[in-house]
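Here the UniProt record's numbering is used: position 164 in the sequence shown is 164, and no number is missing along the way.
Take a look at the structure below.
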Amino acid sequence: MILLISDLHLQEERPDITRAFLDLLGGRARHAEALYILGDFFEAWIGDDAMTPFQASICQALRDLSDSGTQVFLMHGNRDFLIGKAFCKAAGCTLLADPCVVEMGGEPVLLMHGDSLCTRDEAYMKLRRYLRNPVSLWILRNLPLSTRHKLARKLRSESKAQTRMKANDIVDVTPEEIPRIMQQFGVKTLVHGHTHRPAIHKLMLGETPARRIVLGDWDHQGWALQVDEQGFQLAPFDFA
Numbered sequence: 001m002i003l004l005i006s007d008l009h010l011q012e013e014r015p016d017i018t019r020a021f022l023d024l025l026g027g028r029a030r031h032a033e034a035l036y037i038l039g040d041f042f043e044a045w046i047g048d049d050a051m052t053p054f055q056a057s058i059c060q061a062l063r064d065l066s067d068s069g070t071q072v073f074l075m076h077g078n079r080d081f082l083i084g085k086a087f088c089k090a091a092g093c094t095l096l097a098d099p100c101v102v103e104m105g106g107e108p109v110l111l112m113h114g115d116s117l118c119t120r121d122e123a124y125m126k127l128r129r130y131l132r133n134p135v136s137l138w139i140l141r142n143l144p145l146s147t148r149h150k151l152a153r154k155l156r157s158e159s160k161a162q163t164r165m166k167a168n169d170i171v172d173v174t175p176e177e178i179p180r181i182m183q184q185f186g187v188k189t190l191v192h193g194h195t196h197r198p199a200i201h202k203l204m205l206g207e208t209p210a211r212r213i214v215l216g217d218w219d220h221q222g223w224a225l226q227v228d229e230q231g232f233q234l235a236p237f238d239f240a
């Protein structure tokens, strides 16, 4: 069994989400071959050197899961793209490139966070290219902590304000981008998060049936995609 989750946006202000995640780690995830976290794991991450006690406790929980035998894989999201090697080493997890192809359920599966699929949001795509540039990343990681805190608050505030003002189709994936990238990587299944619109979408790649599985965000309930001998099963679960 393999589990995939995304968009938990973990933060101290939401202990209900944290409890649900820790319950998952202590339950289903202990019986899984691997756990994949496809971005926006934390609500914000300003650098491995700025880890709070809360974030350190999450890091330790992942390490405990990894030590139990479950492989843990982590992908950057738009909120936590500054997660680095130090955190991953401490947490016992492997950082994945976005996008990447993984063998899953007997087939190659394309995994993405999903923000790079929203190409109609030109302002965001421009900002993303700037922030993910290696030079920009180096500069960001070496800014004083106080400056990084201020910048993170500013980016989060602007992001929320702009999202409310943008049309739904702009903040969702670009339909034409889906078949393009799936054909580029030669897959029939794409799994991503980011949009907070959980669903399994059927589509055609030429004459070949395909599917796009969108993971749900953890807000009022949790979401997990389970891959086992029964196939790909996306389902919500209530917080305890």
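All C-beta atoms, glycine included, are put in the ideal place defined by N, C-alpha and C.
No experiment lies behind these values; they were computed from the predicted model shown.
> Is W138 buried or exposed, if buried means 16 or more other CB atoms sit within 10 Å of its CB?
Replying inline: To locate residue 138, count along the sequence shown from 1; it is residue 138. Burial call: exposed.
> Name the DSSP bridge partner or partners of M104?
Replying inline: Sequence index remark: in the sequence shown, residue 104 carries index 104 (1-based). According to DSSP, residue pairing for M104 in a beta bridge involves E107.
> Which same chain residues, not among the five before or five after D172, have their C-beta less than 8 Å away from its C-beta?
Replying inline: In the sequence shown, counting from the first residue as 1, residue 172 sits at position 172. C118, T195 and R197, listed in sequence order.
>> Taking a contact to mean a Cβ-Cβ separation below 8 Å, would you say L10 touches E33 in this structure?
In response: Translated into positions along the sequence shown, residue 10 becomes position 10. Translated into positions along the sequence shown, residue 33 becomes position 33. Between L10 and E33, the CB-CB gap reaches or exceeds 8 Å.
>> Measuring alpha carbon to alpha carbon, tell me which residue in N142, R211 and P144 is nearest P175.
In response: For the purposes of this step, residue 175 is taken as residue 175 along the sequence shown, with counting starting at 1. Among N142, R211 and P144, the Cα nearest to that of P175 is on R211.
> Can you name, in chain order, every residue of its own chain whose Cβ lies under 6 Å from the Cβ of N78, other than the five neighbours on each side?
Replying inline: Along the sequence shown, read from residue 1 onward, the residue named residue 78 stands at position 78. Correct list, in chain order: D115.
>> I need the DSSP call for T94, collapsed to helix, strand or coil.
In response: Along the sequence shown, one-based indexing puts residue 94 at 94. Strand.
>> On a Cα-Cα basis, can you pick out the residue from D23, L151, P209 and M51 that is closest to I83?
In response: Residue 83 sits at position 83 when you count from the first residue of the sequence shown. The shortest C-alpha separation from I83 is found at M51.
> Where does A235 sit, in a helix, a strand or coil, going by DSSP?
Replying inline: The count along the sequence shown starts at 1 and reaches residue 235 at position 235. Here A235 sits in strand by DSSP.
> Tell me, which residues are paired with D228 by DSSP?
Replying inline: As a first step, residue 228 is located in the sequence shown; it is residue number 228 there, counting from the start. According to DSSP, D228 bridges with G231.
>> Tell me which residue opens and which closes the beta strand (DSSP E) that V191 is part of.
In response: Start at 1 with the first residue of the sequence shown, and residue 191 comes out as number 191. Segment T189 to H192, the beta strand (DSSP E) holding V191.
>> Threshold first: 3 residues or longer. Then list the beta strand (DSSP E) segments lying entirely within the region 50-99, N to C.
In response: For the region 50-99, the continuous beta strand (DSSP E) assignments of 3+ residues that do not extend past its boundaries occur at 71-75 and 94-96, in sequence order.
>> When you compare the CB positions of H192 and L215, do they come within less than 8 Å of one another, or not?
In response: Taking the first residue of the sequence shown as 1, we reach residue 192 at position 192. Taking the first residue of the sequence shown as 1, we reach residue 215 at position 215. The Cβ atoms of H192 and L215 lie closer than 8 Å to each other.
> Who does L151 pair with in a DSSP beta bridge?
Replying inline: For the purposes of this step, residue 151 is identified with residue 151 of the sequence shown, where counting begins at 1. Beta-bridge partners of L151 (DSSP): none assigned.
> Among G27, R153 and T18, which one has its Cα closest to the Cα of A56?
Replying inline: Locating residue 56 in the sequence shown gives position 56, counting from the first residue. Distances from the CA of A56 to each of G27, R153 and T18 were compared; the closest alpha carbon is that of T18.
> Where D49 and F87 are concerned, what is the direct C-alpha to C-alpha distance, given to the nearest angstrom?
Replying inline: In the sequence shown, counting from the first residue as 1, residue 49 sits at position 49. In the sequence shown, counting from the first residue as 1, residue 87 sits at position 87. Each residue's alpha carbon lies about 9 Å from the other.
> Quick one: is M204 buried, meaning 16 or more other Cβ sit within 10 Å of its Cβ, or exposed?
Replying inline: Position 204 of the sequence shown holds residue 204. Classification for M204: exposed.
>> Starting from L3, trace the beta strand (DSSP E) in both directions and tell me its first and last residue.
In response: Here residue 3 refers to the residue found at position 3 of the sequence shown. Run containing L3: I2 to I5, per the beta strand (DSSP E) assignment.
> Run through DSSP, which three-state label would residue 243 get?
Replying inline: No information on residue 243 is available, as it lies outside the stretch 1 to 240 that the chain covers here.
> With distances taken from CA atoms, which of L4, A20, L62 and I2 is nearest D219?
Replying inline: Counted from its first residue, the sequence shown places residue 219 at position 219. The shortest Cα separation from D219 among L4, A20, L62 and I2 belongs to A20.
> Between which two residues does the beta strand (DSSP E) carrying L35 extend?
Replying inline: For the purposes of this step, residue 35 is taken as residue 35 along the sequence shown, with counting starting at 1. It spans A34 to L38 - the beta strand (DSSP E) in which L35 sits, taken as one unbroken run.
> Quick one: what does DSSP say L10 is sitting in, helix, strand or coil?
Replying inline: As a first step, residue 10 is located in the sequence shown; it is residue number 10 there, counting from the start. Of the three classes helix, strand and coil, the one that applies to L10 here is strand, per DSSP.
>> Does A123 pass the burial test, meaning 16 or more other C-beta atoms within 10 Å, or should it be called exposed?
In response: As a working mapping, residue 123 is identified with position 123 in the sequence shown. Answer is exposed; the Cβ neighbour count stays below 16.
> Run through DSSP, which three-state label would W223 get?
Replying inline: In the sequence shown, counting from the first residue as 1, residue 223 sits at position 223. Strand.
> What residue from N142, G105, L111 and G106 has the CA that sits closest to A97's CA?
Replying inline: Taking the first residue of the sequence shown as 1, we reach residue 97 at position 97. When each option's Cα is compared against that of A97, the closest is L111.
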